[in-house]
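Enquirer:
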Amino acid sequence: MTIIDFLIGMTLMNSMPHFVLGTWKGRMLSAFGFGDLQNILYGLLNLILSVGLFLYKYGMEKLLDNGIFTGALVLLVIYFLTGQYWYTIFHKNYYENSTIKGTTK
Numbered sequence: 001m002t003i004i005d006f007l008i009g010m011t012l013m014n015s016m017p018h019f020v021l022g023t024w025k026g027r028m029l030s031a032f033g034f035g036d037l038q039n040i041l042y043g044l045l046n047l048i049l050s051v052g053l054f055l056y057k058y059g060m061e062k063l064l065d066n067g068i069f070t071g072a073l074v075l076l077v078i079y080f081l082t083g084q085y086w087y088t089i090f091h092k093n094y095y096e097n098s099t100i101k102g103t104t105k
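In the numbering used here, the protein residues as written are 1 to 105.
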């Protein structure tokens, strides 16, 4: 394993919590500060760095051969595309099922 391999994995995995918490409006410090948009943008930056480093080191043909990276990347892209939808569904259901806003039955 080289330092580039470590950075590829670190930036890919670091993009996931920042994007998820940004989408679900959780507070988490990122390089761009606190806030939903800052976390989403930082997650995207980490994703771009990870894919860029992977393509630089291994090329496009190796992307499909690496099942771990491809699987994690596909899951993250699916969440990028559907995260806001899931937040809307679960957030709405939470408040519909609570007796007083912010508390559950």
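The beta carbon of each residue, even a glycine, is placed where N, CA and C say it ideally should be.
Using only alpha-carbon positions, find the residue among S50, W86, K57, L81 that is nearest to T11.
Expert: For T11, the nearest C-alpha among the options comes from S50.
Enquirer: Would G106 pass as a contact of F19 if the rule is Cβ separation under 8 angstroms?
Expert: The chain is shown only over 1 to 105; residue 106 falls outside these bounds and no answer can be derived.
Enquirer: Check whether the Cβ atoms of N66 and N46 lie closer than 8 angstroms to each other.
Expert: N46 is positioned such that its CB atom lies no closer than 8 angstroms to that of N66.
Enquirer: Measuring straight from C-alpha to C-alpha, what distance separates L64 and F80?
Expert: 20 angstroms
Enquirer: Closest to G43 by CA distance: which of L76, F90, N97, F6 is it?
Expert: Closest in alpha carbon position to G43, among L76, F90, N97, F6, is L76.
Enquirer: Can you give the Cα-Cα distance for G33 and F69, rounded to whole angstroms?
Expert: 28 angstroms
Enquirer: Please report how far the alpha carbon of T23 lies from the alpha carbon of L7, in whole angstroms.
Expert: A direct Cα-to-Cα measurement between T23 and L7 gives close to 24 angstroms.
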